[in-house]
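In what follows, a single structure is set out as structure tokens and then discussed.
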Amino acid sequence: MTFDAVGIGWDVCGWQGNTQAVAIVGWAEGALHWLGCSPAFRFSSRQSPTLSSLLLPVLQDPVAVASLLAVPHITLGIDAPLSFPPALGDLLSGRPAPCTVPEREIDNPYAYRDCERWLYQRYGKKPLSATFDRLGNNATLAMALLKHWRVPVAPLQSAGEGELVAIETYPAMAKMAGRISAAHPGLLHVLPDGIAVGTDIYDAALCALMALQHAMQGQCDTLPALVTPEDSHAGDGWIYHFDLARS
-16 MTFDAVGIGW DVCGWQGNTQ AVAIVGWAEG ALHWLGCSPA FRFSSRQSPT LSSLLLPVLQ
44 DPVAVASLLA VPHITLGIDA PLSFPPALGD LLSGRPAPCT VPEREIDNPY AYRDCERWLY
104 QRYGKKPLSA TFDRLGNNAT LAMALLKHWR VPVAPLQSAG EGELVAIETY PAMAKMAGRI
164 SAAHPGLLHV LPDGIAVGTD IYDAALCALM ALQHAMQGQC DTLPALVTPE DSHAGDGWIY
224 HFDLARS
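Everything in the sequence shown is counted per the numbering used here, starting at -16 for the first residue and increasing by one.
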């Protein structure tokens, strides 16, 4: 089968984590096709993980991995922060940095980015902080590997024609009542069979669907539209999510 686009979802589990989860979905002949979901796995500590290290637990065959990576439109949706708050960089580099105590944690420039404050203002949802809530383990793994694999992160970095691109995704935004609940009813029919609610692979599958819509440039009618970055909120990253209010 020849795919027009592919979405890869990765639920990150940190450097020593043994529950990495990956799901892959493709679009061909006007329909979704699930290529598979990985068992829980851990990256080997004997060598630096490659992109194949991420995909082989799903596809099981290096030839299948090479064939997949030849698809012209591929997006990797990652459930982990893919950038840190700019103020943290200023602090670590010795540049002038704020020291005013904010009234709310969401306003702390060392804890949250503008894109996360946008989510809080728009939906009342506050993601975990990459610096304050131990997400740094997941974030640094994802960011380090993307740099090693030379995969650009949208919208912070531009990608060439046909180049694999990564996006930060937030599967909890696609659920009815938080992290361990079922997906929005408008998504239940497109999820792969046999995955349990509240598991890492469930989240990876949701990330894969968001990634596929991104790879399809919003033209996948089977899926809800993605909320894309507004110009004023794209400077420090963006958390891609489905616009479920319109679905």
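Quick reminder that beta carbons are idealized off the backbone N, C-alpha and C, glycines included.
What you are looking at is a predicted structure, and each value in this text was computed from that prediction instead of being measured.
- Does DSSP put L174 in a helix, in a strand, or in coil? The residue labelled residue 174 in the question sits at position 191 within the sequence shown. Residue state for L174 is assigned as coil, using DSSP reduced to three classes.
- Query: In three-state DSSP terms, what is E144?
  - Reply: Taking the sequence shown and counting its residues from 1, one reaches residue 144 at position 161. In the three-state DSSP reduction, E144 falls in the coil class, being neither helix nor strand.
- Task: Tell me, to the nearest whole angstrom, how far the beta carbon of I184 is from that of A6; I am working on the premise that it is less than 8 angstroms.
- Result: Here residue 184 refers to the residue found at position 201 when the sequence shown is read from its first residue. Here residue 6 refers to the residue found at position 23 when the sequence shown is read from its first residue. Going by Cβ atoms, the distance from I184 to A6 rounds to 6 angstroms, so yes, they are a contact pair.
- Item | Ordered list of beta strand (DSSP E) runs contained in the region 68 to 124, each at least 3 residues | Segments of the beta strand (DSSP E) lying fully in the region 68 to 124: there are none.
- Measuring CA to CA, which of A155, C82 and L128 is closest to Q30? Here residue 30 is taken as the residue at index 47 of the sequence shown, counted from 1. Nearest in C-alpha terms to Q30, of all of A155, C82 and L128, is L128.
- Message: Assuming A14 is part of the beta strand (DSSP E), what are its boundary residues?
- Response: As a first step, residue 14 must be located in the sequence shown, where it is residue number 31. Unbroken beta strand (DSSP E) run through A14: A14 to C20.
- Task: Out of P85, A122 and E99, state which residue places its alpha-carbon closest to the alpha-carbon of G(-3).
- Result: The sequence position of residue -3 within the sequence shown is 14, counting from 1. Ranked by how close their Cα comes to the Cα of G(-3), the residues P85, A122 and E99 have A122 in first place.
- Task: Kindly confirm or deny that the region 160 to 173 and the region 183 to 203 touch, where touching means at least three C-beta pairs closer than 8 angstroms.
- Result: Short answer: they touch.
- V8 at chain B interface by Cβ criterion, 8 angstroms: The chain labelled as chain B is not found in the depicted structure, where only one protein chain is given.
- Query: Roughly how many whole angstroms lie between the Cα atoms of L206 and S141?
  - Reply: Within the sequence shown, the letter at position 223 stands for residue 206. Within the sequence shown, the letter at position 158 stands for residue 141. L206 and S141 have their C-alpha atoms some 24 angstroms from each other.
- Message: Within 8 angstroms, do at least three Cβ pairs link the region 169 to 176 to the region 39 to 56?
- Response: The region 39 to 56 vs the region 169 to 176: no contact.
- Query: Buried or exposed: which applies to C20, given that a residue is buried once 16 or more other Cβ atoms fall within 10 Å of its Cβ?
  - Reply: Your numbering for residue 20 matches position 37 in the sequence shown. By the Cβ-count criterion, C20 is buried, with 16 or more other Cβ atoms from all chains shown falling within 10 Å of its own Cβ.
- Message: Going by beta-carbon coordinates alone, are P135 and E146 separated by less than 8 angstroms?
- Response: In the sequence shown, counting from the first residue as 1, residue 135 sits at position 152. In the sequence shown, counting from the first residue as 1, residue 146 sits at position 163. Between P135 and E146, the gap from beta carbon to beta carbon is short of 8 angstroms.
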